[in-house]
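J.: Can you keep this structure in mind? I'll have questions shortly.
Number of protein chains: 6
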Amino acid sequence: MPEVYIYALQGKTLDQKRKLVKEVTEAVARNLDVAEDTVLIQLMESSQEAKAKGGVLFSDRATAAKT
Amino acid sequence: MPEVYIYALQGKTLDQKRKLVKEVTEAVARNLDVAEDTVLIQLMESSQEAKAKGGVLFSDRATAAKT
Amino acid sequence: MPEVYIYALQGKTLDQKRKLVKEVTEAVARNLDVAEDTVLIQLMESSQEAKAKGGVLFSDRATAAKT
Amino acid sequence: MPEVYIYALQGKTLDQKRKLVKEVTEAVARNLDVAEDTVLIQLMESSQEAKAKGGVLFSDRATAAKT
Amino acid sequence: MPEVYIYALQGKTLDQKRKLVKEVTEAVARNLDVAEDTVLIQLMESSQEAKAKGGVLFSDRATAAKT
Amino acid sequence: MPEVYIYALQGKTLDQKRKLVKEVTEAVARNLDVAEDTVLIQLMESSQEAKAKGGVLFSDRATAAKT
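Dropping the structure here:
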């Protein structure tokens with residue numbers, strides 16, 4: 031408590047994830063005035079075929095951007 | 031913004047997903063009076079072994095239905 | 031099953047919500063090939079002070095837009 | 031309706047999942063006074079590399095615990 | 031860890047909530063083999079006007095049931 | 031995209047929320063290598079009577095701590 035869910039596209043390295051959870055934990059603990067050890071973070075990673083913006087899958091947006 | 035999370039069982043084709051996100055985006059934009067490009071959709075696909083109804087996993091419901 | 035969670039800012043009329051859930055249900059049922067009655071929709075309405083884009087609360091974005 | 035989302039680390043057996051969804055369904059139906067068949071449960075399983083506590087990934091917490 | 035989110039309609043008494051979180055915590059701890067004190071439960075209560083099944087808001091389903 | 035959901039107990043000031051969303055946005059943008067303006071944050075604030083740890087509502091935990 032508190033719990034943080036971060037929805038993002040797949041493809042981050044383990045080190046990126048390490049730094050991400052560390053820095054988000056620090057920001058949350060600092061501003062919600064709780065101990066860092068109580069902060070839980072869940073990364074919700076998605077493929078480009080399971081996520082869409084403006085009615086278009088990110089996989090199709092990526093293909094369109096290349097052509 | 032707005033963000034839409036759709037929890038469903040795995041197994042849809044890419045074309046089904048394409049049509050789904052397009053039509054849901056249109057419905058959300060039309061009724062919430064926002065531009066389609068601001069609508070974000072995340073498909074949360076689940077295996078039958080990770081979802082249950084009435085206390086029974088969908089994988090077991092499927093097996094029971096065949097016998 | 032399936033379940034749809036729509037996160038949006040507060041302020042929609044009951045009629046907007048009626049039309050929204052009807053049309054999203056139709057789009058989901060049509061494209062996921064399930065009966066409409068199995069589709070569950072939850073509106074997650076937020077105040078402008080509990081939602082942010084680009085690091086700025088929507089309440090502050092609205093104020094900035096007026097000045 | 032109601033819907034229950036359980037976020038936990040991967041690695042449970044199918045039997046553990048069976049018992050988990052059965053018992054959680056019973057507890058929810060009993061206390062919310064609804065029929066068991068209306069209770070939907072989604073298991074949201076995570077790898078240790080996608081979950082963190084106190085700013086440290088569970089995969090790194092496990093490694094640290096072994097040394 | 032683990033975290034449990036229970037989406038249900040508003041209107042439960044404090045005692046119902048007390049028993050609900052106690053029994054769900056016990057079921058989760060027992061079956062996921064974790065200490066009860068690590069189990070976190072969040073009740074996500076909704077008004078009937080923010081939840082729909084089969085394309086109809088629960089508030090309208092209730093009205094229709096009375097006529 | 032990405033979207034961040036922060037579940038925490040109610041009671042933070044508007045300034046705390048301002049700083050929280052700013053700093054979390056910066057941490058997410060920096061580590062996921064995306065523009066800050068694409069980062070969306072939703073604060074999911076809960077009353078103490080809707081959240082529990084170890085099977086006990088936070089409202090009851092607070093009462094017990096005072097006696």
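Residue numbers (this note's numbering), protein chains in the order written: chain A, 31 to 97; chain B, 31 to 97; chain C, 31 to 97; chain D, 31 to 97; chain E, 31 to 97; chain F, 31 to 97. Don't be surprised by glycine CBs; every beta carbon is placed ideally from N, CA and C. Since the structure is predicted, the reported quantities are computational estimates derived from the model, not experimental observations.
Buried or exposed, going by whether 16 or more other CB atoms sit within 10 Å of the CB of Gln72 (chain A)?
T.: For the purposes of this step, residue 72 (chain A) is taken as residue 42 along the first sequence, with counting starting at 1. Buried: at least 16 other Cβ atoms inside 10 Å.
J.: Where do the ends of the beta strand (DSSP E) carrying Gln72 (chain A) lie?
T.: Locating residue 72 (chain A) in the first sequence gives position 42, counting from the first residue. Looking at the DSSP string, the run of the beta strand (DSSP E) that includes Gln72 (chain A) is 70-76.
J.: Strictly below 7 Å CB to CB, what residues from chain F border Tyr37 (chain C)?
T.: What you label residue 37 (chain C) is simply residue 7 of the third sequence in a count that begins at 1. The answer, in chain order, is Gln72.
J.: Could you tell me which chain C residues have their CB closer than 7 Å to the CB of Glu75 (chain D), listed as they occur along the chain?
T.: For this step, residue 75 (chain D) is matched to residue 45 along the fourth sequence. Near Glu75 (chain D) there are no residues of chain C at all, since even the closest Cβ is about 17 Å away, more than 7 Å.
J.: Return the chain-ordered ranges of every beta strand (DSSP E) run that is complete within the region 36-67 of chain B and spans a minimum of 3 residues.
T.: none
J.: How long is the line joining the alpha carbons of Val64 (chain C) and Asp67 (chain A), rounded to whole angstroms?
T.: Working through the third sequence from its first residue, we reach residue 64 (chain C) at position 34. Working through the first sequence from its first residue, we reach residue 67 (chain A) at position 37. Cα-Cα distance, rounded: 43 Å.
J.: Are Leu50 (chain A) and Ser76 (chain A) touching if we call contact CB-CB under 7 Å?
T.: If you number the first sequence from 1, residue 50 (chain A) lands on position 20. If you number the first sequence from 1, residue 76 (chain A) lands on position 46. Inclusion of Leu50 (chain A) and Ser76 (chain A) in the CB contact set at 7 Å is not warranted, their separation being larger than that value.
J.: Show which residues of chain E have a CB atom less than 8 Å away from the CB atom of Thr51 (chain C).
T.: For this step, residue 51 (chain C) is matched to residue 21 along the third sequence. According to the sequence shown, residue 51 (chain C) is Val rather than Thr. Those within 8 Å of Val51 (chain C) in chain E are Ala82, Gly85, Val86, Leu87.
J.: Taking C-beta to C-beta, are Lys52 (chain B) and Gly85 (chain A) nearer than 7 Å?
T.: In the second sequence, counting from the first residue as 1, residue 52 (chain B) sits at position 22. In the first sequence, counting from the first residue as 1, residue 85 (chain A) sits at position 55. Yes, these two residues count as a Cβ contact at 7 Å.
J.: Label Thr55 (chain C) either buried or exposed according to how many other C-beta atoms from any shown protein chain fall within 10 Å of its C-beta, with 16 as the threshold for buried.
T.: What you label residue 55 (chain C) is simply residue 25 of the third sequence in a count that begins at 1. Under this definition Thr55 (chain C) is a buried residue.
J.: Less than 8 Å between the CB atoms is what I'm expecting for Glu33 (chain D) and Leu62 (chain C), so what's the real figure, rounded?
T.: Walking along the fourth sequence from the start, residue 33 (chain D) turns up at place 3. Walking along the third sequence from the start, residue 62 (chain C) turns up at place 32. Actually they do not touch by this definition, with Cβ atoms about 17 Å apart.
J.: Can you pull the chain D neighbours of Arg60 (chain A), defined as C-beta to C-beta under 9 Å?
T.: For the purposes of this step, residue 60 (chain A) is taken as the residue at position 30 of the first sequence. The contacting residues do not exist; Arg60 (chain A) stays about 12 Å from chain D at best.
J.: Using a Cβ cut-off of 7 Å, pull out every chain B residue sitting near Lys47 (chain D), in sequence order please.
T.: Along the fourth sequence, read from residue 1 onward, the residue named residue 47 (chain D) stands at position 17. Going along chain B in sequence order, the residues near Lys47 (chain D) (Cβ under 7 Å) are Glu79, Leu87.
J.: Measuring straight from C-alpha to C-alpha, what distance separates Leu36 (chain B) and Met74 (chain A)?
T.: Taking the second sequence and counting its residues from 1, one reaches residue 36 (chain B) at position 6. Taking the first sequence and counting its residues from 1, one reaches residue 74 (chain A) at position 44. First, the residue type needs correcting, since residue 36 (chain B) is Ile and not Leu in the sequence shown. Cα-Cα distance, rounded: 14 Å.
J.: Is the distance from the Cβ of Phe88 (chain D) to the Cβ of Lys96 (chain D) below 7 Å?
T.: Walking along the fourth sequence from the start, residue 88 (chain D) turns up at place 58. Walking along the fourth sequence from the start, residue 96 (chain D) turns up at place 66. No.
J.: Using only alpha-carbon positions, find the residue among D:Arg60, D:Met31, D:Glu79, D:Ala92 that is nearest to Lys47 (chain A).
T.: Against the first sequence, residue 47 (chain A) aligns to sequence position 17. The option with the nearest alpha carbon to Lys47 (chain A) is D:Glu79.
J.: Compute the Euclidean distance between the alpha carbons of Ala59 (chain E) and Ala57 (chain D), then round it to the nearest angstrom.
T.: What you label residue 59 (chain E) is simply residue 29 of the fifth sequence in a count that begins at 1. What you label residue 57 (chain D) is simply residue 27 of the fourth sequence in a count that begins at 1. Near 13 Å, if we compare the C-alpha coordinates of Ala57 (chain D) and Ala59 (chain E).
J.: Kindly identify the DSSP beta-bridge partner or partners of Glu79 (chain C).
T.: On the third sequence, position 49 is the one that residue 79 (chain C) refers to. Partner(s): none; Glu79 (chain C) has no beta bridge.
J.: Should Val69 (chain A) be flagged as near chain F, meaning a C-beta pair shorter than 7 Å?
T.: Translated into the one-based positions of the first sequence, residue 69 (chain A) becomes position 39. So, not an interface residue.
J.: Please work out which residues of its chain come closer than 6 Å, Cβ to Cβ, to Met31 (chain A), disregarding the five sequence neighbours upstream and downstream, and give them in chain order.
T.: Working through the first sequence from its first residue, we reach residue 31 (chain A) at position 1. Excluding residues within five positions, the ones whose Cβ falls inside 6 Å are Thr68.
J.: So is Thr43 (chain B) in contact with chain A if we call contact Cβ pairs under 7 Å?
T.: Position 13 of the second sequence, counted from the start, is the residue given in the question as residue 43 (chain B). It does not; no Cβ of chain A falls within 7 Å.
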